[in-house]
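**Student:**
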Amino acid sequence: MNLLVFIVDIQASAKATIKYLQTQETQLSRFDDFAVLGNGLVVDSLGSEHTHYLLWADGEEEAVLNVQGILAEVFIPPIASSKVQPLSKAYQSMKIVSLDDDKQFTGALRAIDNIRVFMSRHFTPMDKAVHSNTVGDMQAIRTENRLLSPAFFCSERRLEPPKEIDAGGALKAITREGDHIYTEDNVVIFHEWTKDEADNIVATSTHPGTLRAGDLVNMGVSFRIVHYSGKGRIQVRLDSVAVIDRRCGDIKPVAVGEDQERVRDGRVPKKRRLELPAVPAANEPNVAGEEMQDA
Numbered sequence: 265m266n267l268l269v270f271i272v273d274i275q276a277s278a279k280a281t282i283k284y285l286q287t288q289e290t291q292l293s294r295f296d297d298f299a300v301l302g303n304g305l306v307v308d309s310l311g312s313e314h315t316h317y318l319l320w321a322d323g324e325e326e327a328v329l330n331v332q333g334i335l336a337e338v339f340i341p342p343i344a345s346s347k348v349q350p351l352s353k354a355y356q357s358m359k360i361v362s363l364d365d366d367k368q369f370t371g372a373l374r375a376i377d378n379i380r381v382f383m384s385r386h387f388t389p390m391d392k393a394v395h396s397n398t399v400g401d402m403q404a405i406r407t408e409n410r411l412l413s414p415a416f417f418c419s420e421r422r423l424e425p426p427k428e429i430d431a432g433g434a435l436k437a438i439t440r441e442g443d444h445i446y447t448e449d450n451v452v453i454f455h456e457w458t459k460d461e462a463d464n465i466v467a468t469s470t471h472p473g474t475l476r477a478g479d480l481v482n483m484g485v486s487f488r489i490v491h492y493s494g495k496g497r498i499q500v501r502l503d504s505v506a507v508i509d510r511r512c513g514d515i516k517p518v519a520v521g522e523d524q525e526r527v528r529d530g531r532v533p534k535k536r537r538l539e540l541p542a543v544p545a546a547n548e549p550n551v552a553g554e555e556m557q558d559a
């Protein structure tokens, strides 16, 4: 078993941002109640032979839900070379862990389980494999998104990988071969909340290479059933990341022993994301960090 020493020091402005996010209808933890899930969301393939989407019930927009936590593992661009693994099959992914005694995070974990059950009703058979989502002994939420999509079943408009994620041109070289493409569906949006001249917290674009383990982040996630080899697999997709506070968490492992028709053409639906308006600054002192050990 491994124990983690988890030290957190959160700025007052970050606490205000988290409080704002946790009141939104897109907060993932809202769906820890199965009744809320069934009333607000639906599952539909939208004509795709390869994917089922989790959509808002009032339209055909993909639901992007939000959850906050400490960034624990990061595998994201920029891509420097293609020597590590075949980039055509590579994923960008993240794991976040809970703040100290965060009931919203616990609710988000229950919501993910509910969504898995809810979506699996729409496609059988499902892959029964259990994928571990932990960091040490701590429960985590893992999200992923392919760097590139197979061209043979993707009808989206092709984009050129931006230099921010493909400085060495490795992804661009793969797309030129024709078997894989980069589309809007592969894009992960990166933001950071910073203070403007009026001392309000506003969202601005940030470079993915600046994210580090220990950052307090808000992740936007969507859910899909991906079909392969006659089975379905639930995918928790990484859609966006917004840094709330830089390096507020320090995770230290300690070894202690063991229109209905026009969109039904197989295209990826539009995403309904949380808007990121300015958050009034909180004039509170910093909250001192505390040490905690989880068994």
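Sequential numbering of the sequence shown, starting at 265, is according to our numbering. In this text, a Cβ means the ideal position worked out from N, Cα and C, and glycines have one as well. Since this is a predicted model, take the numbers as computed values, not measurements.
Would you list, in sequence order, the uninterrupted beta strand (DSSP E) runs of no fewer than 3 residues that lie entirely inside the stretch 439-514?
**Tutor:** As far as the stretch 439-514 is concerned, its whole beta strand (DSSP E) runs of at least 3 residues are 453-459, 465-469, 480-492, 495-509.
**Student:** Going by beta carbon distance, what residues of the same chain come within less than 6 Å of E337, once the five residues before and after it are set aside?
**Tutor:** The residues are K359.
**Student:** Within a Cβ cutoff of 6 Å, which residues of the same chain sit near P342, ignoring the five residues on either side of it in sequence?
**Tutor:** Excluding positions up to five away in sequence, the list reads I429, A431, G473.
**Student:** Kindly indicate the opening and closing residues of the beta strand (DSSP E) around V328.
**Tutor:** First-last for V328: undefined, no H or E at that position.
**Student:** Straight-line CA distance for V527 to F417?
**Tutor:** Bear in mind that a pLDDT of 45 at V527, under 50, signals an unreliable position, so the number given afterwards is only what the model happens to contain. Cα-Cα distance, rounded: 16 Å.
**Student:** Run the CB neighbour count on A462, radius 10 Å, all protein chains shown included, and call it buried at 16 or more, exposed below.
**Tutor:** With fewer than 16 Cβ atoms within 10 Å of its Cβ, A462 is classed as exposed.
**Student:** In angstroms with no decimal places, state the Cα-to-Cα distance between T281 and I465.
**Tutor:** Roughly 8 Å separates the two Cα atoms.
**Student:** Can you tell me which of the three DSSP states K427 falls into?
**Tutor:** Coil.
**Student:** Would you decide whether E313 is buried or exposed? Buried here means 16 or more other CB atoms lie within 10 Å of its CB.
**Tutor:** Under this definition E313 is an exposed residue.
**Student:** Report, in whole angstroms, the separation of the C-beta atoms of A404 and V361, which I expect to be a contact under 8 Å.
**Tutor:** Confirmed, about 5 Å.
**Student:** Once DSSP output is grouped into helix, strand and coil, what is the label at A354?
**Tutor:** Looking at A354 - three-state DSSP - the assignment turns out to be coil, as it is neither helix nor strand.
**Student:** Q288: buried (16+ other C-beta within 10 angstroms of its C-beta) or exposed?
**Tutor:** Per the 10 Å Cβ criterion, exposed.
**Student:** The alpha helix (DSSP H) that contains T281, what's its start and end?
**Tutor:** 276-285 is the span of the alpha helix (DSSP H), which, as asked, contains T281.
**Student:** Compute the Euclidean distance between the alpha carbons of V490 and P389, then round it to the nearest angstrom.
**Tutor:** Straight-line Cα distance between these residues: approximately 12 Å.
**Student:** Under three-state DSSP, which class holds S309?
**Tutor:** The answer is coil: DSSP assigns S309 none of H, G, I, E or B.
**Student:** Let me know if I274 comes out buried or exposed under the rule of 16 or more other beta-carbons within 10 Å of its beta-carbon.
**Tutor:** With 16 or more Cβ atoms within 10 Å of its Cβ, I274 is classed as buried.
**Student:** For the beta strand (DSSP E) holding I405, just list the boundary residues, first then last.
**Tutor:** Counting along the chain, the beta strand (DSSP E) containing I405 begins and ends at 402-410.
**Student:** Compute the Euclidean distance between the alpha carbons of Y355 and F339, then round it to the nearest angstrom.
**Tutor:** Approximately 8 Å, taken between the alpha carbons.
**Student:** Work out the CA separation of S384 and D391 for me, nearest whole Å.
**Tutor:** Computed Cα separation, rounded: 10 Å.
**Student:** Whole angstroms is fine: what's the gap from E564's alpha carbon to E420's?
**Tutor:** Since the first residue of the chain shown is 265 and the last is 559, residue 564 is not available in this structure.
**Student:** Between Y492 and D365, what straight-line distance do the alpha-carbon atoms span, to the nearest angstrom?
**Tutor:** Distance between the alpha carbons of Y492 and D365: 38 Å.
**Student:** Locate the beta strand (DSSP E) running through L301, then write down its first and last residues.
**Tutor:** L301 -> not in any beta strand (DSSP E); alpha helix (DSSP H) instead, spanning 298-304.
**Student:** Below 8 Å on the Cβ atoms is my contact criterion, and I expect E456 with T470 to pass it. Report the Cβ-Cβ distance as a whole number of Å.
**Tutor:** About 4 Å; that satisfies the 8 Å criterion.
**Student:** On a CA-only basis, which of F382, H386, L363, V505 is nearest F454? Give me that one, please.
**Tutor:** If we check each option's Cα against that of F454, V505 comes out closest.
**Student:** Relative to the C-alpha of T468, which candidate in V507, L335, R380, G311 has its C-alpha closest?
**Tutor:** Answer by Cα proximity: V507.
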